[in-house]
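Peer 1:
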Amino acid sequence: MKPLSGSERPVFYMLAPLAARKWNYTTAAHLLNRAGFGGPPAEIEKLAKLNPEQAVAHFVDFEKIPDDTADPEWAKPDPGRAERQRALRNASEEERRMMQRRQQQKEREEIMDLRGWWLERMARGPRPLQEKMVLFWHGNFASSIEKVRDSYLMWRQNELFRRLATGSWRELLVEVARDPAMMIYLDQAQSRKQHPNENFAREVMELFALGEGHYTEKDITEGARALTGWSLDETRQKFQYRPFIHDDG
0 MKPLSGSERP VFYMLAPLAA RKWNYTTAAH LLNRAGFGGP PAEIEKLAKL NPEQAVAHFV
60 DFEKIPDDTA DPEWAKPDPG RAERQRALRN ASEEERRMMQ RRQQQKEREE IMDLRGWWLE
120 RMARGPRPLQ EKMVLFWHGN FASSIEKVRD SYLMWRQNEL FRRLATGSWR ELLVEVARDP
180 AMMIYLDQAQ SRKQHPNENF AREVMELFAL GEGHYTEKDI TEGARALTGW SLDETRQKFQ
240 YRPFIHDDG
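Following numbering that gives the first Met the number 0, the numbering of the sequence shown begins with 0 at its first residue and continues without gaps.
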């Protein structure tokens with residue numbers, strides 16, 4: 000085996016397994032900070048009492064750890080959504096403004112509650128690595144309540160990242176493409192075979208997956224055509240495939 004050069008040795012040692020004799024309170028705190036969001040002294044001490052293999056398993060095998068965190072009370076499908084949409088269409092201009100103000104206030108209250116709920120999970124949840132990955136995927140697959148304007152759909156997206164936190168990348172990318180919040184954010188719900196919307200295809204290739212220089216404009220055009228028909232049932236707030244708007248030519 001060829002001896003490592005001086006510049007290679009630091010990298011090699013960084014990747015080498017930590018010896019059990021070097022596992023202590025300080026290294027446990029470091030792991031908790033890197034694989035989670037830190038923790039109080041009692042949690043660090045509990046982790047330090049394990050050996051390195053057990054400590055890593057504690058993070059990685061998080062599905063074995065019970066999580067009884069309750070969902071937000073409002074995080075459920077809205078049965079009155081279709082009726083409100085009909086009422087909004089039939090309302091006078093003044094009534095429409097009042098209804099929109101009430102709905103906007105409701106959404107503001109719910110999104111503030113969602114932020115607090117998620118922060119609580121990150122700070123005190125039983126599965127630190129899972130929450131760290133939720134935050135990572137939220138940054139990678141960025142969306143915004145300012146455009147989505149539906150706190151329930153934003154919560155569902157957050158739960159999607161949690162469910163597939165360390166799972167298959169392929170499955171995650173497909174599920175994100177079918178996610179109602181993302182479809183609204185990147186205008187996929189408006190994509191038709193007559194007018195394919197390229198926003199989502201471009202984001203997938205440029206930001207989500209491939210990166211600049213690894214795709215062509217033709218790839219984006221064909222990707223947008225392939226995704227026509229992937230639409231949204233706004234009344235039921237769920238993904239819907241509509242073959243009559245799919246570009247199959």
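C-beta atoms are modelled at their ideal positions from N, C-alpha and C, and glycine is treated no differently.
Could you compute how far the alpha carbon of P195 sits from the alpha carbon of W229?
Peer 2: Taking the straight line from one Cα to the other gives about 11 Å.
Peer 1: Return helix, strand or coil for L231, following the three-state DSSP convention.
Peer 2: L231: strand per DSSP, three-state reduction.
Peer 1: Inspect the beta-carbon positions of A34 and K105 and report whether they are closer than 9 Å.
Peer 2: No, the Cβ-Cβ distance between A34 and K105 is not below 9 Å.
Peer 1: Hey, how far is the Cα of E221 from the Cα of V175?
Peer 2: Approximately 19 Å, taken between the alpha carbons.
Peer 1: Quick one: Cα of F58 to Cα of F160, how far?
Peer 2: Rounded to the nearest angstrom, the two C-alpha atoms are 17 Å apart.
Peer 1: Have a look at L152, Q84 and L226 and flag the residue whose alpha-carbon is nearest the alpha-carbon of W73.
Peer 2: Per the Cα distances, L152.
Peer 1: Identify whether L146 lies in helix, strand or coil by the three-state DSSP scheme.
Peer 2: The sequence shown places Lys at residue 146, not Leu. Looking at K146 - three-state DSSP - the assignment turns out to be helix.
Peer 1: Could you tell me if P127 is buried or exposed, where buried requires 16 or more neighbouring beta carbons within 10 angstroms of its beta carbon?
Peer 2: Per the 10 Å Cβ criterion, buried.
Peer 1: If contact is defined by three or more beta carbon pairs under 8 Å, each pair taking one atom from either stretch, is the stretch 23 to 40 in contact with the stretch 49 to 63?
Peer 2: The stretch 49 to 63, when compared against the stretch 23 to 40, does touch it at the 8 Å Cβ threshold.
Peer 1: Could you check how far apart the C-beta atoms of F207 and L231 are, in whole angstroms? I think they sit under 8 Å.
Peer 2: Incorrect: roughly 19 Å between the Cβ atoms, too far for contact.
Peer 1: Tell me, to the nearest whole angstrom, how far the beta carbon of L113 is from that of M121; I am working on the premise that it is less than 8 Å.
Peer 2: Actually they do not touch by this definition, with Cβ atoms about 13 Å apart.
Peer 1: On the CB-based measure, 16 or more other CB atoms within 10 Å of its CB, does P242 come out buried or exposed?
Peer 2: Under this definition P242 is an exposed residue.
Peer 1: Sorted by chain position, which residues of the same chain lie with C-beta nearer than 7 Å to S142's C-beta, five sequence neighbours on each side aside?
Peer 2: So the list reads Q156, A180, M181 and Y184, once near-sequence residues are dropped.
Peer 1: DSSP beta-bridge partners for Y240?
Peer 2: Y240 pairs with W229.
Peer 1: So, are the CB atoms of T234 and R80 less than 9 Å apart?
Peer 2: Taking 9 Å as the Cβ cut-off, T234 and R80 qualify as a contacting pair.
Peer 1: Do W136 and A90 have their C-beta atoms closer together than 9 Å?
Peer 2: Result no, Cβ atoms of W136 and A90 do not sit closer than 9 Å.
Peer 1: Can you tell me which of the three DSSP states F11 falls into?
Peer 2: Any reading at F11 must be qualified, since the residue scores a pLDDT of 47, below 50, and its modelled position is unreliable; the value itself is stated next. In this structure, F11 counts as helix in the three-state DSSP scheme.
Peer 1: What is the residue span of the alpha helix (DSSP H) that T25 lies within?
Peer 2: Unbroken alpha helix (DSSP H) run through T25: Y24 to A34.
Peer 1: Tell me the residue span of the alpha helix (DSSP H) that contains W168.
Peer 2: Residues W168 to A176.
Peer 1: Taking Cβ to Cβ, would you say I244 is nearer than 9 Å to R177?
Peer 2: No, these two residues do not count as a Cβ contact at 9 Å.
Peer 1: Kindly provide the ranges of any alpha helix (DSSP H) runs that are 4 or more residues long and lie completely inside the stretch 73 to 100, ordered along the chain.
Peer 2: Runs of the alpha helix (DSSP H) inside the stretch 73 to 100: 80 to 89.
Peer 1: Terminal residues of the continuous alpha helix (DSSP H) containing F58?
Peer 2: It spans P51 to V59 - the alpha helix (DSSP H) in which F58 sits, taken as one unbroken run.
Peer 1: Between which two residues does the alpha helix (DSSP H) containing G138 stretch?
Peer 2: P127 to N139 is the span of the alpha helix (DSSP H), which, as asked, contains G138.
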